[in-house]
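In order, the protein sequence lines correspond to chains B and U. Each residue of the first sequence is one higher than the one before, counting from 18 in this note's numbering. Each residue of the second sequence is one higher than the one before, counting from 2 in this note's numbering. One structure below.
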Amino acid sequence: MQNAKDTFYEMLRSRIAAANPERTIVLRGVTRPGVLVEENEFVSAVTVADCFRLRWIDASVNAENALPVATLTCEVLYETAGTAGNVGMDRGRLLTQMDAELAAALNAWPQKTAKQNYAALATGGSAAAMATNIWWSDVVLGPLVVKGDRFARTAKVTVMSCEEAGEL
Amino acid sequence: MADVLCSDAAVRTADTLLRANGGRAVLLRLPAPAVANNDGEQLGLATPQFQDVELAPCAFRKAESTSTLLISGSAVQAIVGSLKFNSAEVLFETAAGVVVDDVLYTILSSTATTADGKAYVYSLELRAPDR
């Protein structure tokens, strides 16, 4: 499942960066595309605005097939306070823009990509392509939530992959 | 001129009171800057190095649920300047926690108390690690 999670993040990050190169965040002094995985960052990063934060929630494995099929639910959380120059009065427009970016990234064809194994990165190696794909559903946008001066939304997408031999 | 004198006096008074009421030192644990375009860190495969920076004088009040740490404003401003942070708030948000007597506390919030716009003491709300 870890390879599916990592591959999905890399796919979403590259699609968001391609669609809007200006959607960036600064974390620990480095500018990067505005997508992060909560479980891979410091707790302090979970409130970063104007970026997409991935949170993996449900997970299940159907072992009835020749290759077990893993089904993962990913929440994509995002929020914005608008721009300071507009005194936050454009927060609705900016949230709509984030809705559109996320929907375009996840609903665009193909809704699949080759699964990668990134474990070698820990020892200075590079990602290795695996034999199977991951694929995902259309994104479902949740209701708007007001969090102080921010507008927030949580979207959900279901990610699936075949578990290859030896996968975690 | 009067403003400068007033804020300086507040800073010196706070430092004196902190030294007189504990005057201890704690360590602010800061992660090293991220490595640009490093997928390993973004995927949780690599963790950053950490450096501990001393904060003194401080007064630490331990409580059941959350503890409070009062830190000299001049000590914080010195670190903000030397490590080139934009502000003390960013410094505390970036930190992994505060080490007090070899225990790493999580920073829940930071509040600056100011005189004439200059912070003379910072108050951190800390949470002890789960046992």
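Just so you know, even glycine gets a beta-carbon here, dropped at the ideal spot from N, CA and C.
| Asked | Found |
| --- | --- |
| Contact set for L71 (chain U): own chain, Cβ-Cβ below 6 Å, skip 5 residues either direction | A60, V122 and S124 |
| Reduced DSSP secondary structure (H/G/I, E/B, other) of R62 (chain U) | strand |
| Buried/exposed call for P34 (chain U), threshold 16 Cβ in 10 Å | exposed |
| DSSP-derived helix/strand/coil call for S154 (chain B) | coil |
| Three-way DSSP call (helix, strand, coil) for M115 (chain B) in this model | helix |
| Classification of M28 (chain B) by the beta-carbon crowding that lies within 10 angstroms, buried from 16 upward | buried |
| Simplified DSSP assignment, three categories, for T64 (chain B) | helix |
| Whole runs of the alpha helix (DSSP H) within the stretch 71–128 of chain B, excluding any shorter than 4 residues | 108–124 |
| C-beta neighbour in chain B for A129 (chain U), strict 7 Å | no |
| Beta-carbon neighbours of Y95 (chain B), restricted to chain U and to distances below 8 Å | Going along chain U, no residue has its Cβ under 8 Å from Y95 (chain B), so there is no contact; the nearest lies around 17 Å. |
| 7 Å Cβ cutoff met for L29 (chain U) and V104 (chain U) | no |
| Backbone secondary structure at L18 (chain U) - three-state DSSP | helix |
| A37 (chain U) at chain B interface by Cβ criterion, 7 Å | yes |
| Reference S111 (chain U), options U:G23, U:T67, U:D131 and U:D117, closest by Cα | U:T67 |
| Residue closest to S178 (chain B), alpha-carbon to alpha-carbon, out of B:T149, B:W126, B:P127 and B:V54 | B:T149 |
| Meets three-Cβ-pair contact criterion under 8 Å: the stretch 146–162 of chain B and the stretch 117–137 of chain B | yes |
| Whole-angstrom C-beta distance between P32 (chain U) and R45 (chain B), which should lie under 8 Å | 6 Å |
| First and last residue of the uninterrupted beta strand (DSSP E) at V104 (chain U) | V104 to A116 |
| CA nearest to the CA of L56 (chain U), picked from U:V91, U:G41 and U:I80 | U:I80 |
| Contact with chain B by L29 (chain U), beta-carbon distance below 7 Å | no |
| Validate contact between the stretch 36–48 of chain U and the stretch 47–54 of chain B using beta carbons, cut 8 Å, 3 pairs | yes |
| DSSP-derived helix/strand/coil call for K119 (chain U) | strand |
| Residue burial classification, P58 (chain U) (beta-carbon count within 10 angstroms, cutoff 16) | buried |
| Cβ-based burial, S83 (chain U) [other Cβ within 10 Å; buried from 16] | exposed |
| Cutoff 7 Å: D166 (chain B) Cβ touching any chain U Cβ | no |
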